[in-house]
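**Q** Dropping the structure in here first, questions after.
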Amino acid sequence: MTPTARPVFPFSAIVAQEEMKLAMIAAAVDPAIGGVLVFGDRGTGKSTAVRALAALLPPMQAVTGCRYGCDPEAGDALCEECRTRAKTETLKHKLVPVPVVDMPLGVTEDRVVGALDLERALSQGVKAFEPGLLARANRGFLYIDEVNLLEDHLVDLLIDVAASGENVVEREGLSVRHPARFVLVGSGNPEEGELRPQLLDRFGLSVEVKTPTDLAERVEVIKRRDEFERDKAAFVAKWKKQEDGLRRKIVAGRKRLATIELPDAVLESATKLCMHLGTDGLRAELTLIRAARALGSYEQAHTVDIGHLRRVAPPALRHRLRRDPLDESGSSTRVERAIQEVFGA
Ligand SMILES: [Zn+2]
103 MTPTARPVFP FSAIVAQEEM KLAMIAAAVD PAIGGVLVFG DRGTGKSTAV
153 RALAALLPPM QAVTGCRYGC DPEAGDALCE ECRTRAKTET LKHKLVPVPV
203 VDMPLGVTED RVVGALDLER ALSQGVKAFE PGLLARANRG FLYIDEVNLL
253 EDHLVDLLID VAASGENVVE REGLSVRHPA RFVLVGSGNP EEGELRPQLL
303 DRFGLSVEVK TPTDLAERVE VIKRRDEFER DKAAFVAKWK KQEDGLRRKI
353 VAGRKRLATI ELPDAVLESA TKLCMHLGTD GLRAELTLIR AARALGSYEQ
403 AHTVDIGHLR RVAPPALRHR LRRDPLDESG SSTRVERAIQ EVFGA
């Protein structure tokens, strides 16, 4: 049974949580944004949202028999095994759902990156590689629940691979590499420990989700959840139109990415905002403009504008602020204030 065969709560039926939805859509439009961190209370539907988004995306063509689910159109970016096969045969392909891979806590590095069988390599001269979770996540989503409880070196490694799109495993002079392009989504509960600032900064976007405090909103959440649980197929059918529309927008947004214009003035504004906030390095600016470009593309704009920039600034910047001993206000407030000061009300 494929993951799409089981009804998944529709992404469009998620009540409110606009910023989380926006961040995930932006990352789906342009995975180069570098992943999304979702901080918030338990039971705010963080994992539901990732699964919903993956299920919403169109199924992909993948090379039949490839352990990494290579894109048959990838050309030079095919894995080594597919490239070798392509020399002597025509690669067949089939439609597969976009994968969502869960990263269990306490997982070993071998399980994540894959394991090289050194013994077989030495005795039989073959490169025996058992792919890990990164291979399964290729072209999809890697979801880490409670990312703040995962070992630092693993988080580092995941971000490296997500950024490069390639997993390289090296042991005793042997090396295997394979495509591993995925959107990293980490969720965390701020009460259970913090991520080191060095790791925080490496995630593209960061959003905060809260249990809704508005009565009507809360009622709507329960209503939809209840309706879904009672008859999943009917609920999915009811939301199909919205889901189809959203899917079309994401697919069109991906295409638009290549042609949308980014005026120098917008780039300058991004830099101004980052300087105003005192963010370190260039990562903040890069993420800010990439996210603005993804949002503009998703909305089918011809040009990225200040409006796009303003909307993605909080998720792109709030986790990159240095603690200011003279300013006790939260990071979201500080970003909002800087936006007002730089761009006006
Ligand atoms: Zn392949």
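The number in the numbering used here is simply the position in the sequence shown, starting from 1, with 102 added.
Quick reminder that beta carbons are idealized off the backbone N, C-alpha and C, glycines included.
Owing to the predicted nature of the structure, the values given are computational and were not obtained by experimental measurement.
Is Leu197 close to ligand 1? I mean its beta-carbon at under 7 Å from any heavy atom of the ligand.
**A** Checking every heavy atom of ligand 1 against the Cβ of Leu197, none is found closer than 7 Å.
**Q** Is there contact here, the region 184-194 with the region 143-153, by at least three beta-carbon pairs under 8 Å?
**A** With the cut-off at 8 Å, the region 184-194 and the region 143-153 do not touch.
**Q** Could you tell me whether any non-hydrogen atom of ligand 1 is closer than 7 Å to the CB of Leu180?
**A** yes
**Q** Go to Gln300, then tell me how far its alpha helix (DSSP H) extends in each direction, as first and last residue.
**A** 299-302
**Q** With burial defined as no fewer than 16 other Cβ atoms inside 10 Å of the residue's Cβ, what is the status of Ala367: buried or exposed?
**A** exposed
**Q** Does the separation of the CB atoms of Val285 and Gly137 fall below 8 Å?
**A** yes
**Q** Buried or exposed: where does Asp316 fall if 16 or more other Cβ atoms within 10 Å of its Cβ makes it buried?
**A** Exposed, since its Cβ has fewer than 16 Cβ neighbours within 10 Å.
**Q** Reducing DSSP to helix, strand and coil, say where Phe141 ends up.
**A** strand
**Q** What's the call for Asp262, buried or exposed, on a 16-neighbour Cβ count within 10 Å?
**A** exposed
**Q** Check each candidate in Arg283, Leu218, Ala265 and name the one with the smallest Cα separation from Arg385.
**A** The option with the nearest alpha carbon to Arg385 is Ala265.
**Q** Quickly, what does DSSP pair Asp219 with across the bridge? List them, please.
**A** Ala230
**Q** Does ligand 1 have a heavy atom nearer than 7 Å to the CB of Tyr245?
**A** no
**Q** By the three-class DSSP mapping on this structure, what secondary structure does Val165 have?
**A** Per DSSP, reduced to three states, the secondary structure at Val165 is strand.
**Q** Measuring only the C-alpha atoms, how far is Ala176 from Val444?
**A** 42 Å
**Q** Do Glu310 and Ser114 have their C-beta atoms closer together than 8 Å?
**A** no
**Q** What would DSSP say about Glu268, mapped onto helix, strand or coil?
**A** Strand at Glu268.
**Q** Expressed to the nearest angstrom, what Euclidean distance is found between the alpha-carbon atoms of Gln442 and Gln119?
**A** 23 Å
**Q** Once the 5 residues before and after Thr104 are set aside, which same chain residues still bring their CB inside 8 Å of it?
**A** With a pLDDT of only 45 at Thr104, under the threshold of 50, the placement of this residue in the model should not be trusted; the figure read from the coordinates follows. Within the same chain, and ignoring the five residues on either side of Thr104 in sequence, the residues whose Cβ sits closer than 8 Å to its Cβ are Val198, Pro199.
**Q** Hey, would you say the C-beta of Glu183 is under 7 Å away from at least one heavy atom of ligand 1?
**A** yes
**Q** Measure the Cβ-Cβ separation of Lys312 and Gly142 and say whether it is below 8 Å.
**A** Result yes, Cβ atoms of Lys312 and Gly142 sit closer than 8 Å.
**Q** Can Gly448 and Val338 be called in contact, C-beta distance under 8 Å?
**A** The shown model of the chain, from 103 to 447, leaves out residue 448, and the question about it has no answer.
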